[in-house]
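Residue numbers (this note's numbering): 603 to 1173. Note that beta-carbon positions come from the ideal geometry of N, C-alpha and C, so glycine has one too. Accompanying notes for the structure given below.
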């Protein structure tokens, strides 16, 4: 059409002669054959379009009056909102009127507002079903405020009821995730990936995504910001998978841990390169990172801090680095570690990558932040306390030089296998648990880590079993659940072992979901109803009262088993 008159038009000729000419240019026998093919193409596009975008009426039919025009609240609309579960109906009317008046960039086009008008009933129904309708809609309003113009959000939600339900769940039950999507609206794009709920976020998947995200040469500060963006987005998407039930709490813990491994190692590589620009390198110098705590056991949650130990090695005759500002090896690696702490934990415009904790290093806060591998080996064999060897049972190399990582893991395994006085270890572990109970009493039943028979009891049982050789033979494992499942028969009978495994599965499910959805303390009397529903779903229990009774009964069983394994055996 544009070739005929050399014009930028998209209209077919209205006269028969002109249409015949176009048909011939396109290779059709005549205008009639062309018209038939053209109509068939139009009908096909219409069918596909209808399948995508014409499901809204079924979503929103028959819920009552909803009028958001003018400046005065419509009485029938207020009643409809209250019936849907909104407590502050007048405030909700004001917010929605703002949408329709085009207050935000995403609602400034007439088409966007038209789609929003069609979608509003379904939105209100979905938010009402969260049982914290007002909070959910207000978070959605904050989300809209940050969106750019041009995004086809409302058409996408209108055509995808499952996506709308998921977004409503995030807004109503998961304030932590809602804060991420509000602060970084582009993570919403990840929800549109058809493979999101079927593609498992394993290490290979995350590694490939990270490599693509960091490709091209970038400035040091840009790399650190990109790592923060990537980690935040992937935490969100891992969380959404857990929320939707496409991965279980154990797999979520592994995914969160793999993400931390990859991004912290990438930060380390950036720090090493940047540090060398000024201070050069140490001859034969290498670095290895040991992940401790929940990172080492691959049980991180969405809100976990990260425990690390940095080890280094170098040629024995190396006296200082070869840069413009040379440093002695110990000073060099201490300074590098401080730079790593800043690279990972210092807030930038993109937030924090992870909060780092290095207190599990040799000599704790009194020792250097970086430890020579020989000093580490000597300390663990001669000076470490029982609790330090218990903590070491979860150590795992997560980044740095591969050869040094292999050496460090071999040394950790050797230290854990050293002969020990089992009765002495058990007595010291029992005393430590008693001291923790006195110094950090649990707030309530939902303080799952600290309650008698809670996570600490399970972790102590597993760690004592590892360092006293009471785990069935096989490859070295760091995960608490795996250790509990392989407790030696002469240490824990089958029934006890099963009780401990069941308890850990329950605690992990509750911890993963609560840390995913909320920041800070879990307040029993202020739980979002949507979160209550998620906790019931992840534990497969019928109501919250049954869940609390089950949690209490489980903790009592674990305390009984703890007393049997770590107190009755003290003698």
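Item, Value
"Between the beta-carbon of residue 865 and the beta-carbon of residue 996, is there less than 8 Å?", "no"
"With distances taken from CA atoms, which of 642, 736 and 641 is nearest residue 684?", "736"
"Given a cut-off of 8 Å on the beta-carbon distance, is the pair residue 950 and residue 964 in contact?", "no"
"Keeping to the same chain, check which residues put their C-beta closer than 7 Å to that of residue 1057; ignore five residues upstream and five downstream.", "1050, 1051 and 1109"
"What number of angstroms, rounded off, separates the C-alpha of residue 1043 from the C-alpha of residue 1161?", "15 Å"
"Tell me the DSSP secondary structure of residue 950 in three-state form.", "strand"
"Between which two residues does the alpha helix (DSSP H) holding residue 553 run?", "Because the chain is modelled from 603 through 1173, residue 553 falls outside the range shown and cannot be assessed."
"Determine the closest residue to residue 1048 out of 1022, 1128, 987 and 989, with distance taken between C-alpha atoms.", "1128"
"Helix, strand or coil for residue 893 per DSSP?", "strand"
"Three-state secondary structure (DSSP) at residue 998?", "strand"
"Using DSSP with H/G/I as helix, E/B as strand and the rest coil, what is residue 807?", "helix"
"Given a threshold of 16 other Cβ atoms within 10 Å of its Cβ, counted over all protein chains shown, does residue 1072 qualify as buried or as exposed?", "buried"
"Just to confirm, are residue 924 and residue 961 a CB contact at a threshold of 8 Å?", "no"
"Identify, in the order they occur along the chain, each residue of the same chain with its Cβ nearer than 7 Å to the Cβ of residue 1140, setting aside the five sequence neighbours on each side.", "851, 1111 and 1115"
"Taking the C-alpha atoms as reference points, what is the distance between residue 916 and residue 812?", "30 Å"
"Just to confirm, are residue 1005 and residue 888 a CB contact at a threshold of 8 Å?", "yes"
"On a Cα-Cα basis, can you pick out the residue from 790, 848 and 931 that is closest to residue 802?", "848"
"Roughly how many angstroms lie between the CA atoms of residue 1097 and residue 701, to the nearest whole one?", "59 Å"
"Between which residues of its own chain and residue 941 is the CB-CB distance below 8 Å, once the five residues before and five after are set aside?", "873, 876 and 877"
"Put residue 662 into one of helix, strand or coil per three-state DSSP.", "The predicted position of residue 662 is uncertain, since its pLDDT is 40 and thus under 50; a value taken from the coordinates is nonetheless stated next. Here residue 662 sits in helix by DSSP."
"Is it a yes or a no for the stretch 894 to 908 touching the stretch 918 to 937, going by three-plus beta-carbon pairs under 8 Å?", "no"
"Ignoring anything shorter than 4 residues or poking outside the stretch 671 to 757, list the alpha helix (DSSP H) runs there in chain order.", "677 to 686, 691 to 702, 712 to 730 and 735 to 747"
"Just to confirm my understanding: we take residue 728, look at its own chain, exclude 5 residues before and 5 after, and list those with CB closer than 7 Å. What are they?", "766, 767 and 770"
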